[in-house]
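Numbering (the numbering used here), first residue to last: 86 to 382.
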């Protein structure tokens, strides 16, 4: 079977940062009020300015995100376990979906939690390019995946050396209107969190990151929670990025640099649990979801 792994993507080299931002903004222009005459030129200007603003974020990672490389590693591991041919196709970065000359049988979004803002956006683009194809909608409930999350947290707790930590499960925020319209994203993350945290006898909560733009977004944000924990006398905080499979700009810069600076200012001991995408449990979970779906050539 031929399986397409898909995701929005991330810049694979410094020169792609501006193009990545432009592709994303142009694709969602009707959602952000920019579906107007001359939209392409307007968005090109916005992308140029935004690229200058975030270039320092990517500089922390050598000028590029490791996300695509790491997802290729996952694809290779799953292919070796299953015998399926697996390729990546990204919405906004290379390898781009529109440059993919390949007839695949199944779409596997590398978003473990479904959202109309992420998974569905990829599926819409794939339908436009390739027509209707079978797909896996979400897979966060797989027991091996839940165990993978737990192992990442366990490793983080051990590495931190903390004796009495408070755990923050960080989730990428979305505009609240998306949830109000029935998107299951927040509910699914909360259920995943409950399942994962059954293995730990310590206090925890969900907080949100990566809010941008106008309007009301899901909260509270991680910085707000850190400030609240400080006022409650908490001394040690471990953060785990529940929304992600692999390290990327939101983990390596936002969590590791920006939010650590907040914690340092507050006098909190802060450690961010890493995403070990090379743990065999993750590839085993994905392989199991694909094979259990029962799709054939």
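Here a beta-carbon is modelled for each residue, glycine too, at the ideal position from N, C-alpha and C.
Values in this document were obtained by computation on a predicted structure and should not be read as measured data.
Which value, in whole angstroms, describes the spacing of the CA atoms of residue i and residue j?
| i | j | result |
| --- | --- | --- |
| residue 158 | residue 363 | 8 Å |
| residue 378 | residue 190 | 12 Å |
| residue 352 | residue 314 | 11 Å |
| residue 386 | residue 248 | The structure shown does not extend to residue 386, since the chain is modelled only from 86 through 382, so no value can be given for it. |
| residue 346 | residue 109 | 29 Å |
| residue 217 | residue 169 | 20 Å |
| residue 60 | residue 355 | The chain is shown from 86 up to 382; residue 60 falls before or after that span and cannot be answered. |
| residue 279 | residue 273 | 10 Å |
| residue 122 | residue 131 | 15 Å |
| residue 311 | residue 155 | 30 Å |
| residue 308 | residue 335 | 14 Å |
| residue 188 | residue 265 | 37 Å |
| residue 299 | residue 134 | 18 Å |
| residue 271 | residue 213 | 27 Å |
| residue 171 | residue 180 | 13 Å |
| residue 228 | residue 120 | 42 Å |
Quick check: residue i and residue j, are their CB atoms within less than 8 Å of each other?
| i | j | result |
| --- | --- | --- |
| residue 215 | residue 160 | no |
| residue 237 | residue 348 | no |
| residue 328 | residue 268 | no |
| residue 195 | residue 366 | no |
| residue 281 | residue 234 | yes |
| residue 102 | residue 136 | yes |
| residue 173 | residue 211 | no |
| residue 152 | residue 361 | no |
| residue 259 | residue 303 | yes |
| residue 370 | residue 230 | yes |
| residue 127 | residue 107 | no |
Tell me which residues share the same chain as residue i and place their Cβ nearer than 7 Å to its Cβ, disregarding the 5 neighbours each side in the sequence.
| i | result |
| --- | --- |
| residue 167 | 372, 375, 376 |
What does a CB cutoff of less than 8 Å around residue i pick up in its chain, not counting 5 residues either side in sequence?
| i | result |
| --- | --- |
| residue 105 | 94, 95, 96, 177, 178 |
| residue 124 | 111, 114 |
| residue 206 | 93, 112, 113, 176 |
| residue 305 | 292, 293, 313 |
| residue 98 | 148, 149 |
Ordered along the chain, which non-local residues of its own chain (more than five positions away) have a Cβ less than 6 Å from that of residue i?
| i | result |
| --- | --- |
| residue 289 | 252, 282 |
| residue 277 | 225 |
| residue 222 | 199 |
| residue 301 | 261 |
| residue 197 | 224, 225 |
Below 7 Å, is the gap between the Cβ of residue i and the nearest heavy atom of the ligand SAH?
| i | result |
| --- | --- |
| residue 287 | Only the bare structure without any ligand can be found here, which leaves the ligand SAH out of the picture. |
Inter-stretch contact at 8 Å, needing at least 3 Cβ pairs: the stretch 249-258 / the stretch 288-300: Judged by Cβ distances under 8 Å, the stretch 249-258 makes contact with the stretch 288-300, as three or more pairs qualify.
Start-end ranges of the beta strand (DSSP E) lying completely within the stretch 212-288, minimum 3 residues: Taken in chain order, the complete beta strand (DSSP E) segments of 3 or more residues contained in the stretch 212-288 are 251-257.
Alpha helix (DSSP H) runs contained entirely in the stretch 108-194, provided each spans 4 or more residues: Whole alpha helix (DSSP H) segments, 4+ residues: 124-144, 152-167.
Sufficient close CB pairs (3 or more, under 8 Å) joining the stretch 312-331 to the stretch 227-247: At 8 Å Cβ cutoff, the stretches touch.
Contact the stretch 139-154 vs the stretch 338-348: 3+ CB pairs below 8 Å: Flag = yes, the stretch 139-154 and the stretch 338-348 touch.
Continuous alpha helix (DSSP H) assignments of at least 4 residues falling wholly in the stretch 311-351: Inside the stretch 311-351, DSSP marks whole alpha helix (DSSP H) runs of 4 or more residues at positions 344-351, from first to last along the chain.
Unbroken stretches of the beta strand (DSSP E), 3 residues or longer, contained in the stretch 86-111: The stretch 86-111 contains, as complete beta strand (DSSP E) runs of 3+ residues, the segments 87-92 (chain order).
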